[in-house]
Each structure stands twice: as structure tokens, then as C-alpha cells.
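Trainee:
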Amino acid sequence: AQSVTQPDIHITVSEGASLELRCNYSYGATPYLFWYVQSPGQGLQLLLKYFSGDTLVQGIKGFEAEFKRSQSSFNLRKPSVHWSDAAEYFCAVGVPVTSGTYKYIFGTGTRLKVLA
Amino acid sequence: DSGVTQTPKHLITATGQRVTLRCSPRSGDLSVYWYQQSLDQGLQFLIQYYNGEERAKGNILERFSAQQFPDLHSELNLSSLELGDSALYFCASSVGWGTGGTEAFFGQGTRLTVV
């Protein structure tokens, strides 16, 4: 069965420090991978996505993620965290349902706290 | 603004009652997804509709049902409500088909409190 694992429930970093959020997926074929961010009381906003091609993808707000097929991972990174990055981050995989349609399976999320 | 509209934003109701949550997808999106987000369960996929037809079911209880109407808006019906149904319910939409899939766009959610 398809699944997404985010091993870190909470992460705390200092403002200006680098960040890496881990994501591992379980899916037999080429995955379609996404990272979303959820600020308190808000819906989920797409940060970046990977469909094919270059395994290092750039997203909004200075985030990037690297797809590593050999490790079944899609880790999210940011070189210098800002206080406004404090939020919950979700990794997701898109899997085909019936011909042409897709559903999205989400990880349990990583809550990021940023220290001033 | 994602373009996905959910109403109401907040709902407080008593145990045993029935409620209906409404979702209007982004213009042009044919797929609608419902998710339940609670503290202990994370973001759980409930059900997907594509152009009016149910396409996938996740962890949706039998007390819950959904439908997508010809104008593509969707409703999630929750009945015989229990305290444990208190959660944030998200609707998302996407084009929903095509090579590679596309991302889902999320509404702001409906916060349901069962008392």
C-alpha cells in the first residue's frame, strides 16, 4: 500500500539556521511528490512538487527538495530559516486511482518551531 | 487564495446530529477530495469525486457520505455525530487527471466541534 512517512513530528531550529525535513514514501512506480505548508488556522499551501526530470526542485519561499529514488526520499530543505517559516509541513504522494485520476496520500506532518 | 471555497468555516453541533459541509472547487477542476484533520490522526483522506463520480475511498466512516453535483460543487454529510468527529475538514480540488497528475489546492477548512 502507498504511504508517506515523516519521521520527525517536531523540529526546532534557530532563525538563520539551515533546515531539513525528512520524507520517505512507499510506492512501486514513479511517484509524484509534493510538499505543503500549513500555517495555524489555515489551509494547506503547495511549496513545491516533483513529477519527473531534475531531482532537485525549487519551490516558493526559498525551499527546495531533492528526490532520491534509491532512498525513497523527498527531503525538504532551506538554507536559512526565517521566523515566518514556523508552521506544519506535509509531504504527499500522488497515486493513480482509475485511468487518469489521482488521489493524494499525506504524511503525518512535521511541526517546525523557529527560535529567535 | 487557493480558489477553493468551503462553508461554513466553523460549526458547533451536538452529538447525534447531522451536518453538511460544502465545497466549491477551483474553476475548471473536476476532482474534489475530502480530508479530515485531527490532532491524533493527522490528515486522513476520506473520499474523492471526479466529474460527479466517486473515484476513491479512504478512511471514511459509514456515517459519512459525500456527493459531487453537476456544477461540480461537493457536499460532505456527517450523521449521528460523535465527540470524536470533532476535527478540521478540508476540501481540495485538482484538475485530477492527465499525465503526471497535478497538485491539489486546498480550501481553508471547516472546523467541526461536536459537543
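In the order they appear, the protein sequences are chains V and X.
Here the first sequence stands for residues 763 to 878, where the numbers follow our numbering.
Here the second sequence stands for residues 2 to 116, where the numbers follow our numbering.
The beta-carbon is built from N, C-alpha and C at its ideal position, and this holds for glycine as well.
1) Which residue marks the beginning of the beta strand (DSSP E) containing V:V766, and which one marks its end?
2) Whole angstroms is fine: what's the gap from X:S117's alpha carbon to X:T6's?
3) Counting only beta-carbon atoms, is X:F65 nearer than 8 Å to chain V?
4) Just the chain X side, please: which residues come within less than 9 Å of V:T870 by C-beta, in chain order?
5) Could you confirm whether any beta carbon from chain V is found closer than 8 Å to the beta carbon of X:Q109?
6) Cutting at 7 Å between CB atoms, please list the residues of its own chain near X:G17, excluding the five before and the five after it.
7) Below 7 Å CB to CB, which residues in the same chain sit around V:S776 once its five sequence neighbours on both sides are set aside?
8) Residues of the region 74-92 of chain X in Cβ contact with chain V at a cutoff of 7 Å, in chain order, please.
9) At the 8 Å Cβ level, is V:V859 part of the contact set with chain X, yes or no?
10) When you compare the region 808-821 of chain V with the region 859-873 of chain V, are there three or more beta-carbon pairs, one atom per stretch, that lie closer than 8 Å?
11) With 16 as the cutoff for other CB atoms within 10 Å, does V:I822 come out buried or exposed?
12) Just to check, is the beta-carbon of X:T8 closer than 7 Å to a non-hydrogen atom of the ligand COA?
13) Compute the distance between the beta-carbons of V:L781 and V:W797, then report whether it is under 8 Å.
14) I'd like the list of long-range same chain contacts for V:K840, defined as Cβ closer than 6 Å, with 5 residues on each side in sequence excluded.
15) Against V:K811, what residues of chain X qualify as contacts under a CB-to-CB distance less than 7 Å, listed in chain order?
16) Give the DSSP bridge partners of X:W35, in chain order.
17) Please compile the residues from chain X whose C-beta is within a distance smaller than 8 Å of the C-beta of V:Y787.
Mentor: So, from the data block:
1) Element bounds for V:V766: S765 to T767.
2) For residue 117 of chain X there is no data in the structure shown, the boundaries of chain X being 2 and 116.
3) No, X:F65 does not count as interfacial toward chain V.
4) Correct list: Q42, G43 and L44.
5) Contact of X:Q109 with chain V is assigned, a C-beta pair being separated by under 8 Å.
6) Result list for X:G17: S81 and L82, in chain order.
7) Cβ within range, chain order: L877.
8) Going along the region 74-92 of chain X in chain order, one finds F91 with a Cβ nearer than 7 Å to chain V.
9) At least one chain X Cβ lies under 8 Å of V:V859.
10) They do not touch, by the three-pair rule.
11) So V:I822 counts as exposed.
12) Here there are no bound small molecules, and the ligand COA is not part of this structure.
13) Inclusion of V:L781 and V:W797 in the CB contact set at 8 Å is not warranted, their separation being larger than that value.
14) L781, G824 and F825.
15) Close partners of V:K811 in chain X (Cβ separation under 7 Å): E104.
16) Under the DSSP definition of a beta bridge, X:W35 partners with X:I48 and X:C92.
17) By Cβ distance, chain X contributes nothing, its closest Cβ being about 14 Å from V:Y787, past 8 Å.
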